[in-house]
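With the numbering used here as the guide, the letters of the sequence shown map in order to residues 13 to 825. A virtual CB, placed ideally from N, CA and C, is assigned to each residue, including glycine. Just so it is clear, the structure is predicted and the values come from calculations on it, not from any experiment. Everything on this sheet refers to the single structure shown next.
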Amino acid sequence: MSDNRAEQEQIRLERVDVLMALGESSVPALLAMLTDPGWIVRRAVVAALATLGAPALGPLCELLRTQRDHEGRLAAAVDALVALVAPNGAVEAAVAALADDPNPAVAADAAQILGRRRNTSAIPVLVTLTTHADDNVAVAAIEALGRVGGRAAVESLVRLVQNGSFFRVFPAIDVLGRSGDPRAIAPLAALLGRRHFALEAARALGMTGDRRAVAPLAGLLLQPTDSMVRVAALALVKLHERSEQRFGTSAPIEEELRKGAADPAVVRRLVQVIPGADESEQVALCRVLGDIGSDAAAPALTQLLGAAPAVATAAAQALRKLGEHSEVQLIAGLIEGDSARRLAILPIIGMGGMGQGPKTGDGQVQARGPGPGKGRQEMMAAVATCLEDAEPAVRAAACEALGRLANPAAVTSLFPKLRDANPRVVQAALGAIQALGGPETERLALIEGRAESPIVRRAALRILAYFGWASALPLLVEALRDPDPRVREAAIQGLPFVEDPRALDELLEVARAPNERLRASAMRALGHCRGDVRVTARLLKGLADSDAWVRYYACQSLGRLGVETAATSIARLLVDPAGQVRVAAIEALSHLRSELAFDALRQAAESPDPDVMRAALVGLGISRRPEAEPLLVAAARAPDAATRLVAISAVADFESPEALDALKQAAVDVDDSVRRAAINFLAGRAGEESTDALVELLPLSPERERITAALSVWTEGRIPALIALMAEADDELAPELVAALVRMQHPDANAALLRLLPTARPPDPPLGPPARKAVAAALPILSSPEAFTVLQRTAAEDPDPEVRRIASLLLAQ
């Protein structure tokens, strides 16, 4: 864009601002600017009209009716009506009137606007438009129902897929699949037998998350057309994922699949189509084979361990589901396979019992009998062979797998890996050794603590310190004079954990060393030593040390130990020339409870240094003092996202309405990290108010799935709040609330669901048909005799015919 063009555009943007400030009288002029050649200008005009609200509503609707000679103007008018805010449902009423316009293009625009506004009050109008004589209008209405939510229009959509024209059936299939309504299953399943619609219907069945979709999809797995089998596998995987998202479990889907695909011919057919499938389809086929759980799939899955990484991982996970029967193939893959195959297998070893012995009541792995125990030893030996693989990633994964196998005998294979040239392997071996422990670990660590390599010496010292063995003290003391600074650091950090009083004497001596690096390390380690006045005295002296890092760690340790008498000395460091010391002083004051400490934090919260200011906000949050709350709420509106994130993290533990409002505002923040953090804090917040806030956010936030997951987190008061909200819930909200209760997997939530449908003593408050439909649809997930009984009673006695029909459909499975 030339300078002159940019200048002219800026002038027009300024004119938009002036017109908006003039109010209602400027509407005609703004409408005239909807054809402006500059996209940025048109966006500004749309925003201005939407902001003006009701005065712009009538003129915009009239424009759509009468000025249809410019596509850009029409698109901008539609955008303005989508965003426009007016009281008492005025926008929906005005746009609904457009739906009656004799011009099909106007009616189609009306459908699009109503769909994008996502207001459930528009559903009756959209349902009517699905039967419009013009296909374009009908399709726009169907797509709009998909945006608003199709549950309240299921019967109309079912009629469309059964009797509608070719062009209307396709969008109706998609909306039905996403509706989550049990009534969608039968008509979608019927379409599997119609050649033009079968593939789309299979995909839609996968979107339902309903266990009753398994049987018709499993029936496709024996189709002679390879593409249909692959699509069915993809749909079954999607069904699995949707069930997990909606209800927090996919167990019902897997159970139905094992029953629906019990024919050995199904496994053979799935194996046949693998070679011609693309990568995503092969992943799906592996997952379906794993869910079926047939031993006959093991050879084919084993072959796929050498495929592309995503396929190999899916094959390994499927083999894991087959259990002990697949261990022979896995062992062979580890011993004979290449690096890629090993890397696919190793992450599943030791997961879910794979390769482990049975567990005792306290969760510890116990030794098996001679037969299974032999298999367990073979698995450990096979994993150990991978420690010599050429690929560092494989060696690291083998170390981690040996740690999960929980057999202390593996430490003899792991200690040599402390000499590995790759740091990741060394770290993995160190972690596995610490997970296994045992007498042999102590013996080998004491030996390796004097190894030639400083890397090995350092790792051995970390192992000894981790377990705190008194036998390690002489070696740690000796290591304080090691020529390698990292070994000396490991020895210093290990001294606080050794169960011998002489360890503290040595540490205090190091804290007086002439070497500033040793002093700093000692100050850090003293933060783990409680109950000795010598520690406090030495740390206080460290605050005045000439080295900034010594002061930094002395500050940190005094705060960690909660030494209240140090508040004055720490506060003086708020003006320390070293930035890290100033931040450490803030952190330390955060752990102290004196007035002096709090006043210092309050002042630091206004510091021009952003690091100091944010650290002070964290400290104010830790203090939980009422006086801190206004500062945190104000900071939650800061212009930079980093400060807003720190502020809402700090204010999250405050229980006032102001703190709750700050979290609600942050939950719709423009920054992803702020938004998601706020939702997570609301998820764990007790009380009905947090539940109400999350439900209010459902239609407003782009994080709908995250909010639904947040509602399923149990906190005090959440279950009663969800039930209270269900009394007035519509066809879109009710399934979300019920899904939250099911996903909670809490006994009180399950019991509440069973009490919600009408009985001799109906629930208080009584539920409307939308909530009763949602509860009935969820009862099969509970898989209990009580749920079955309630469903039977609902099918026979509920006053609403739709509720009775849904219950009957669910019973029929």
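Would residue i and residue j qualify as a contact pair, given that the criterion is a beta-carbon distance under 8 Å?
i	j	result
A92	V53	no
A422	L448	yes
A184	A214	no
V149	L141	yes
V160	A122	no
L269	A230	yes
R500	A491	yes
A612	A648	no
A596	Q568	yes
L317	A324	yes
V285	V241	yes
R68	L31	First, the residue type needs correcting, since residue 68 is Ala and not Arg in the sequence shown. Not closer than 8 Å, so no.
A722	N692	yes
G515	L485	According to the sequence shown, residue 515 is Ala rather than Gly. Cβ atoms of A515 and L485: closer than 8 Å.
L694	M738	no
S602	G631	yes
A408	R436	yes
E36	L64	yes
V658	G696	no
G189	L217	yes
L46	A106	no
V103	R77	no
T806	L769	yes
Put residue i into one of helix, strand or coil per three-state DSSP.
i	result
Q79	coil
G375	Because G375 carries a pLDDT of 37, less than 50, the predicted location of this residue cannot be relied on, and no value is offered for it.
Q757	coil
A18	helix
G383	With a pLDDT of 35 at G383, under the threshold of 50, the predicted position of this residue should be treated as unreliable, and no value is reported.
Q568	helix
N826	No answer is possible for residue 826: the residues shown for the chain start at 13 and end at 825.
N100	helix
T261	coil
V237	In the sequence on display, residue 237 carries Thr and not Val. It is coil, neither helix nor strand.
P228	helix
P770	coil
D623	helix
F800	helix
L632	helix
G699	coil
V680	coil
N131	coil
P642	helix
G830	Within the shown structure, residues of the chain are numbered from 13 to 825, placing residue 830 beyond reach of any answer.
H208	coil
W561	helix
Measure from the alpha carbon of residue i to the alpha carbon of each residue in the options, then state which is nearest.
i	options	result
T261	A789, L794, P782	L794
R784	F800, P797, L766	L766
R332	D303, A763, D810, T143	D303
D494	I818, S292, F479, R462	R462
D147	T132, N131, N115	N115
G70	I719, V750, V97	V97
L749	R605, E267, A733	A733
L822	L791, A165, P813, D812	L791
I361	A352, L342, S351, G349	L342
A296	S338, L251, D623, P311	L251
I598	A627, D621, L570, V107	A627
D588	D48, S558, R716, K271	S558
I265	G221, P797, P276, I445	G221
C298	K271, E267, L334	L334
A786	G101, A120, D193	D193
L204	R180, R223, Q235, E814	Q235
G539	G571, D517, E403	G571
P620	G591, E641, L34, A556	G591
Is the Cβ of residue i closer than 8 Å to any Cβ of chain E?
i	result
L794	Given the protein chain composition of this structure (a single chain), no chain E is represented.
Next on the checklist: Threshold first: 4 residues or longer. Then list the alpha helix (DSSP H) segments lying entirely within the region 425–489, N to C.
Outcome noted: You should have 435–448, 451–460, 466–479.
Item to check | Runs of beta strand (DSSP E) wholly within the region 166–192 (minimum 3 residues, chain order) | outcome: For the region 166–192, not a single whole beta strand (DSSP E) run of length 3 or above is found.
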